[in-house]
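Numbering (full-length UniProt numbering), first residue to last: 1 to 279.
Virtual Cβ for every residue (Gly too), placed ideally from N, Cα, C.
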Ligand SMILES: C[S@@+](CC[C@H](N)C(=O)[O-])C[C@H]1O[C@@H](n2cnc3c(N)ncnc32)[C@H](O)[C@@H]1O
């Protein structure tokens with residue numbers, strides 16, 4: 001008898017198709033986004049969003065290093081369920097979060113939305129007009145790395161345009177070595193007897209990792225076979241590894257100056273690093 005999961009054709013994807021549109025987990029699919037929201041809010045792990053203790057430490061860092069000069073408008077790109085707004089929005093600061101996950105934006109609006117203080121918009125950051133002017137813009141938790149290089153450049157250029165003169169941009173990037181390591185991990189298999197991220201039904205997931213050296217890209221393929229399905233569904237997560245110098249180049253190309261790397265940014269592991277830049 002054949003096993004549809006293990007009979008799935010598993011070949012290294014073609015480098016030319018790395019950014020072909022299906023390169024990303026569908027964070028914006030309504031059902032998927034509802035399942036991801038559970039992971040964002042969980043205090044059992046750091047997936048999707050970090051645990052509250054880390055978010056609190058990062059907000060304290062942002063407040064002391066970037067918001068000390070009085071009232072500020074803050075733009076959070078890929079804000080998820082708005083967990084940073086709880087600490088950054090308020091009487092002094094106006095916060096706007098953009099995300100294309102409907103469940104996350106719905107949760108953020110219901111939980112943290114406050115007219116004139118914290119607002120959340122369902123929007124694709126690759127396409128949306130960011131508005132402005134803002135004193136601070138940020139994209140955290142390595143999200144910039146999962147966009148194709150030309151879209152990274154577009155997002156950075158739009159962030160630059162949305163900032164007030166002297167405004168700051170914070171990018172929490174995935175370190176090059178951490179991305180490469182993720183692409184070189186051996187294949188693994190998990191089962192979710194009560195459902196999980198990929199389905200509400202029980203499923204098994206075969207994860208295959210690939211590293212594309214010439215493109216500096218890690219590709220994860222998740223082959224998911226849910227109970228009752230005859231064939232597995234494959235999801236992909238594609239991550240571009242940027243060195244610190246390359247990230248600095250992207251920022252300068254977008255018009256930023258004063259690029260700085262911050263070793264004191266509080267992160268639970270050293271796979272991520274913070275870089276800031278000024279308009
Ligand atoms: C790793 S999560 C981080 C969420 C949040 N910054 C945090 O740390 O709690 C990345 C977020 O980016 C959002 N995202 C990914 N691609 C996006 C896009 N093209 N436009 C808007 N949001 C996007 C996802 O929906 C998700 O909420």
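> On the three-pair Cβ rule with 8 Å, is the segment 232-243 touching the segment 38-55?
Replying inline: Touching, no.
> From which residue to which residue does the alpha helix (DSSP H) around residue 96 run?
Replying inline: To locate residue 96, count along the chain shown from 1; it is residue 96. Not the alpha helix (DSSP H): residue 96 falls in the beta strand (DSSP E), residues 93-99.
>> So, at 7 Å on beta carbons, what are the nonlocal neighbours of residue 128 in its own chain, with the 5 sequence-adjacent residues on each side left out?
In response: Start at 1 with the first residue of the chain shown, and residue 128 comes out as number 128. If we look at residue 128 and ignore the five residues flanking it on each side, its Cβ neighbours are 98.
> Are three or more beta carbon pairs between the segment 154-168 and the segment 85-92 nearer than 8 Å?
Replying inline: As far as the Cβ criterion goes, the segment 154-168 does not touch the segment 85-92, which means the pair count is below three.
>> Once the 5 residues before and after residue 19 are set aside, which same chain residues still bring their CB inside 6 Å of it?
In response: The residue labelled residue 19 in the question sits at position 19 within the chain shown. Same-chain partners within the cutoff: 148.
> Does ligand 1 have even one heavy atom less than 8 Å from the beta-carbon of residue 215?
Replying inline: Within the chain shown, the letter at position 215 stands for residue 215. Distance from the C-beta of residue 215 to the nearest heavy atom of ligand 1 is not below 8 Å.
> From residue 1 to residue 227, what distance separates their C-alpha atoms?
Replying inline: As a working note, residue 1 is residue 1 in the chain shown. As a working note, residue 227 is residue 227 in the chain shown. Bear in mind that the predicted position of residue 1 carries a pLDDT of just 49, short of 50, making it too unreliable to give a figure here.
>> Among the candidates 113, 55 and 221, whose CA atom is the shortest distance from the CA of residue 235?
In response: On the chain shown, residue 235 is found 235 positions in, with the first residue counted as 1. The shortest C-alpha separation from residue 235 is found at 221.
>> Nearer than 8 Å: is that true of the beta carbon of residue 267 relative to any heavy atom of ligand 1?
In response: Taking the chain shown and counting its residues from 1, the one referred to as residue 267 is at position 267. No, the beta carbon of residue 267 sits no closer than 8 Å to any heavy atom of ligand 1.
> For residue 76, which option in 203, 118 and 36 has the closest C-alpha, if you only look at C-alpha atoms?
Replying inline: Here residue 76 refers to the residue found at position 76 of the chain shown. The closest CA to that of residue 76, considering only 203, 118 and 36, is found on 118.
>> By the DSSP assignment, the beta strand (DSSP E) with residue 120 in it spans what residues?
In response: Sequence index remark: in the chain shown, residue 120 carries index 120 (1-based). Note, residue 120: beta strand (DSSP E), 118-122.
> Who pairs with residue 257 in a beta bridge, going by DSSP?
Replying inline: By one-based count along the chain shown, residue 257 stands at place 257. DSSP links residue 257 through a beta bridge to 278.
> Considering only residues of the segment 38-87, which uninterrupted alpha helix (DSSP H) runs meet the minimum length of 4 residues and lie entirely inside it, listed in chain order?
Replying inline: Runs of alpha helix (DSSP H) with 4 or more residues, each lying fully within the segment 38-87, are found at 52-66, listed in chain order.
> Cβ of residue 50 within 8 Å of any heavy atom in ligand 1?
Replying inline: Working through the chain shown from its first residue, we reach residue 50 at position 50. In this structure, residue 50 has its beta carbon less than 8 Å from a heavy atom of ligand 1.
> Any idea what DSSP makes of residue 22, helix, strand or coil?
Replying inline: If you number the chain shown from 1, residue 22 lands on position 22. Coil at residue 22, not helix or strand.
> So is residue 150 buried or exposed if we call it buried at 16+ other beta carbons inside 10 Å?
Replying inline: One-based indexing of the chain shown puts residue 150 at position 150. Under this definition residue 150 is an exposed residue.
> If you draw a straight line from the C-alpha of residue 138 to the C-alpha of residue 250, how long is it?
Replying inline: Taking the chain shown and counting its residues from 1, one reaches residue 138 at position 138. Taking the chain shown and counting its residues from 1, one reaches residue 250 at position 250. Taking the straight line from one Cα to the other gives about 15 Å.
> How close, in whole Å, do the beta carbons of residue 254 and residue 278 come, if the pair is a contact with beta carbons under 8 Å?
Replying inline: Counting from 1 along the chain shown, the entry for residue 254 is found at position 254. Counting from 1 along the chain shown, the entry for residue 278 is found at position 278. That pair is no contact at about 12 Å.
> From 199, 276 and 94, pick the residue whose C-alpha is nearest to that of residue 173; which is it?
Replying inline: In the chain shown, residue 173 corresponds to position 173, counting from 1. In this structure, 276 is the residue among 199, 276 and 94 with its C-alpha nearest to the C-alpha of residue 173.
> Measuring from the CB of residue 56, is there a heavy atom of ligand 1 at a distance below 8 Å?
Replying inline: Here the question's residue 56 lines up with position 56 in the chain shown. Outside the cutoff, so no.
>> DSSP three-state label for residue 114, please.
In response: Counted from its first residue, the chain shown places residue 114 at position 114. Here residue 114 sits in strand by DSSP.
>> Using a Cβ distance threshold of 8 Å, determine whether the segment 199-206 contacts the segment 163-171, with at least three qualifying pairs required.
In response: These segments do not touch.
>> For residue 126, tell me which candidate among 107, 108, 260 and 21 has the shortest Cα-Cα distance.
In response: Looking up residue 126 in the chain shown gives position 126. In terms of Cα proximity to residue 126, the closest of 107, 108, 260 and 21 is 21.
> Comparing alpha-carbon positions, which option in 41, 180, 54 and 15 lies nearest residue 266?
Replying inline: Along the chain shown, read from residue 1 onward, the residue named residue 266 stands at position 266. Selected option, being the one with the closest Cα: 54.
> Is residue 198 helix, strand or coil when you go by DSSP?
Replying inline: The residue you call residue 198 lines up with position 198 of the chain shown. Three-state DSSP puts residue 198 in coil, outside helix and strand.
>> For residue 197, which residues in the same chain have their Cβ closer than 7 Å to its Cβ, ignoring the five residues on either side in sequence?
In response: Within the chain shown, residue 197 is the residue found at index 197, counting from 1. Around residue 197: 35, 36 and 39.
> Can you tell me whether residue 92 is buried or exposed, with buried defined as 16 or more other CB within 10 angstroms of its CB?
Replying inline: As a position in the chain shown, residue 92 is number 92, starting the count at 1. Residue environment analysis places residue 92 among the exposed positions, since fewer than 16 neighbouring C-beta atoms fall within 10 angstroms of its C-beta.
>> Could you check whether the Cβ of residue 204 sits closer than 8 Å to any heavy atom belonging to ligand 1?
In response: Locating residue 204 in the chain shown gives position 204, counting from the first residue. Because no heavy atom of ligand 1 lies under 8 Å away, the Cβ of residue 204 does not count as near it: no.
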